[in-house]
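A.B. asks:
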Amino acid sequence: MTSTTTLLTPTAATPMSSHWRDFYALTKPGVVRLVVFTGLCGLLAAPGTINPVLGFTAILCIALAAGGAAAFNQWYEAELDALMKRTAKRPIPAGRVSKNDARDFASVLCGASILTMGLAIGWLAAAILAVSIFYYVVVYTMWLKPRTPQNIVIGGGAGAFPPLIGWVAVSGDITLTPILLFAIIFFWTPPHFWALAMFVKGDYANAGVPMMPVIHGERATRHQILAYSLFMVPLAASPWYLGAAGAVYGVASLALTGFFAALAVPVGLRSSSEGDTMKPEKRLFAYSIVYLFALFGALVVDRVLQDFGVLV
1306 MTSTTTLLTP TAATPMSSHW RDFYALTKPG VVRLVVFTGL CGLLAAPGTI
1356 NPVLGFTAIL CIALAAGGAA AFNQWYEAEL DALMKRTAKR PIPAGRVSKN
1406 DARDFASVLC GASILTMGLA IGWLAAAILA VSIFYYVVVY TMWLKPRTPQ
1456 NIVIGGGAGA FPPLIGWVAV SGDITLTPIL LFAIIFFWTP PHFWALAMFV
1506 KGDYANAGVP MMPVIHGERA TRHQILAYSL FMVPLAASPW YLGAAGAVYG
1556 VASLALTGFF AALAVPVGLR SSSEGDTMKP EKRLFAYSIV YLFALFGALV
1606 VDRVLQDFGV LV
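The numbering of the sequence shown is the numbering used here, which starts it at 1306 and goes up by one.
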C-alpha cells in the first residue's frame, strides 16, 4: 500500500473520523463567501423584485452548488492535494473524509441545488447553475488544470456565473449588464490567481500542475498579471459608461480598479523574486479579494440610490 493510499483510505492505523467540520471544509467556505456575495449582488442589482423567501432560496442554491463543486474538486484532486503543502491538510488527503463520502456529499449538494433552483426559481437559472458546476468540475478541474497553463484563464468562467444566476433569478432573462458582470469576474480571475500562484509555485511544480509561473516562468506571468490588471480598468467601468449603472458605481469602479492596476505595476515590472518575501504579489492577491467585494457592493449601493431617486 502506498503512502498516498494510506492517506486516502481509512485503515486500522488511520481511522476515519469524519466530523461535520470536515465536510464543511470540503465546500471551501472562504471561496463560497465571495461566490455567494457576487450572486447576491447580481440579484439585488437586477431590475424588478423577487419575494424575499425566493431570493434567499436562489442564493442558498448558489451556495450549495458552489460548495458541491468545491467538494467535487477536492474529491478528484485528493492525490494531487496530498503532494502540496498548501493543501495536504485538507480533509481527504489528511484521512478525515473518504473519497467516496466526499463524492456522495458533493453529488447531493449539486443535485439538490439544481433541482431546488429549477422548481422554486426557474429552469433558466437552474440550467446556468448546472453549467457553472460542469464548467468548474469537468472543464476546469478535470480537463484544463492538469493540461495547460491557460487553465485559469479559460477556467475563470466557472467563478463568473453567480452574478449572472442572481440576475436571471429576478429578471428571468439575460441582458447586457449580467454579461458585463460575468466578464469582470472572468478577467479578474487570472491576475488574482496568478498573484497567488507566484508565491506557491513550488507546490504546483512539485505536484506537476502546469500553472503559468511553472511553465512560462515568473517574467511572463508578471507581464500577464499587469496586462490583465490594466485591461480591468475600462472593463470594470463599462456598466457605467454603457448606461447600465450610475455615477456612484462609475466613480467607485475607477478608483477601486485604478488601485488594483497600481498594485499590479510593481508586480509586472519586477525582474526577479529571488530571496524576497514577494510582498507585491501578496499585496495584490489580498487586495484582489477586497476589490471584488467592494466593486460589487458599489453596484448594489448605486442601484439602491437610483431606486430611491437619489440618482438619475
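Every residue gets a Cβ at the ideal spot worked out from N, C-alpha and C, and that includes glycine.
Sort A1500, H1521 and Q1379 by Cα distance to T1392 and report the nearest one.
C.D. replies: Here residue 1392 refers to the residue found at position 87 of the sequence shown. Ranking the options by Cα distance to T1392, first place goes to Q1379.
A.B. asks: Compute the Euclidean distance between the alpha carbons of F1598 and T1343, then round it to the nearest angstrom.
C.D. replies: Locating residue 1598 in the sequence shown gives position 293, where the first residue counts as 1. Locating residue 1343 in the sequence shown gives position 38, where the first residue counts as 1. Approximately 7 Å between the Cα atoms of the pair.
A.B. asks: Return helix, strand or coil for N1356, following the three-state DSSP convention.
C.D. replies: Counting from 1 along the sequence shown, the entry for residue 1356 is found at position 51. Three-state result, N1356: coil.
A.B. asks: In angstroms with no decimal places, state the Cα-to-Cα distance between L1485 and A1411.
C.D. replies: Counted from its first residue, the sequence shown places residue 1485 at position 180. Counted from its first residue, the sequence shown places residue 1411 at position 106. Approximately 30 Å, taken between the alpha carbons.
A.B. asks: At the level of alpha carbons, what is the spacing between G1580 and P1357?
C.D. replies: Locating residue 1580 in the sequence shown gives position 275, counting from the first residue. Locating residue 1357 in the sequence shown gives position 52, counting from the first residue. For G1580, the pLDDT reaches just 49, beneath the cut-off of 50, and the residue's location in the model is therefore unreliable, leaving the point undetermined.
A.B. asks: Is the beta carbon of A1463 within less than 7 Å of some heavy atom of the ligand NAP?
C.D. replies: The ligand NAP is absent from the structure shown, which contains no ligands of any kind.
A.B. asks: In this structure, how does DSSP classify P1454 when only helix, strand and coil are distinguished?
C.D. replies: Position 149 of the sequence shown holds residue 1454. Coil.
A.B. asks: Which of helix, strand or coil does DSSP assign to G1614?
C.D. replies: Sequence index remark: in the sequence shown, residue 1614 carries index 309 (1-based). In this structure, G1614 counts as coil in the three-state DSSP scheme.
A.B. asks: Which value, in whole angstroms, describes the spacing of the CA atoms of A1351 and S1437?
C.D. replies: On the sequence shown, residue 1351 is found 46 positions in, with the first residue counted as 1. On the sequence shown, residue 1437 is found 132 positions in, with the first residue counted as 1. Rounded to whole angstroms, A1351 to S1437 spans 20 Å at the Cα level.
A.B. asks: In three-state terms, what does DSSP make of I1426?
C.D. replies: For the purposes of this step, residue 1426 is taken as residue 121 along the sequence shown, with counting starting at 1. Residue state, collapsed to three classes: coil.
A.B. asks: Can L1568 and L1589 be called in contact, C-beta distance under 8 Å?
C.D. replies: Along the sequence shown, read from residue 1 onward, the residue named residue 1568 stands at position 263. Along the sequence shown, read from residue 1 onward, the residue named residue 1589 stands at position 284. Going by C-beta atoms, L1568 is nearer than 8 Å to L1589.
A.B. asks: Does DSSP put I1490 in a helix, a strand or coil?
C.D. replies: Reading the sequence shown from its first residue, position 185 is the one you call residue 1490. Residue state, collapsed to three classes: helix.
A.B. asks: Tell me the residue span of the alpha helix (DSSP H) that contains E1523.
C.D. replies: Your numbering for residue 1523 matches position 218 in the sequence shown. Where E1523 is concerned, the enclosing alpha helix (DSSP H) stretches over G1522 to Y1546.
A.B. asks: By DSSP, does G1462 sit in helix, in strand, or in coil?
C.D. replies: For this step, residue 1462 is matched to residue 157 along the sequence shown. If DSSP states are grouped into helix, strand and coil, G1462 belongs with the helices.
A.B. asks: CB I1530 to CB G1573, shorter than 8 Å?
C.D. replies: To locate residue 1530, count along the sequence shown from 1; it is residue 225. To locate residue 1573, count along the sequence shown from 1; it is residue 268. Yes; because the gap between Cβ atoms is below 8 Å, this pair is in contact.
A.B. asks: Have a look at V1444 and A1552 and give me their C-alpha separation to the nearest angstrom.
C.D. replies: Translated into the one-based positions of the sequence shown, residue 1444 becomes position 139. Translated into the one-based positions of the sequence shown, residue 1552 becomes position 247. Near 37 Å, if we compare the C-alpha coordinates of A1552 and V1444.
A.B. asks: Enumerate, from N- to C-terminal direction, the unbroken alpha helix (DSSP H) stretches of 4 or more residues contained entirely within the region 1372 to 1426.
C.D. replies: Complete alpha helix (DSSP H) runs here, min 4: 1383 to 1387 and 1404 to 1425.
A.B. asks: Any idea what DSSP makes of M1517, helix, strand or coil?
C.D. replies: For the purposes of this step, residue 1517 is taken as the residue at position 212 of the sequence shown. It is helical.
A.B. asks: Which residues in the same chain as Y1554 place their Cβ atom closer than 7 Å to its Cβ, once the five residues preceding and following it in sequence are excluded?
C.D. replies: Translated into the one-based positions of the sequence shown, residue 1554 becomes position 249. Hits under 7 Å: P1544, W1545, A1603, L1604 and D1607.
A.B. asks: Determine the direct distance from the alpha carbon of N1511 to that of I1426, and round the result to whole angstroms.
C.D. replies: To locate residue 1426, count along the sequence shown from 1; it is residue 121. To locate residue 1511, count along the sequence shown from 1; it is residue 206. If you take the alpha carbons of I1426 and N1511, they lie about 45 Å apart.
A.B. asks: Going by Cα to Cα distance, which pick from G1462, I1459 and F1487 is closest to W1472?
C.D. replies: Looking up residue 1472 in the sequence shown gives position 167. That would be F1487, whose Cα lies nearest to the Cα of W1472.
A.B. asks: Can you give me the Cβ contacts of I1460 inside the same chain, cut-off strictly under 6 Å, excluding the 5 residues immediately before and after it?
C.D. replies: Within the sequence shown, the letter at position 155 stands for residue 1460. As written in the sequence, residue 1460 is Gly, which differs from the Ile given in the question. Correct list, in chain order: Y1445 and L1449.
A.B. asks: For a quick check, are the C-beta atoms of T1494 and I1457 less than 8 Å apart?
C.D. replies: Reading the sequence shown from its first residue, position 189 is the one you call residue 1494. Reading the sequence shown from its first residue, position 152 is the one you call residue 1457. Their beta carbons are under 8 Å apart, which means T1494 touches I1457 by this criterion.
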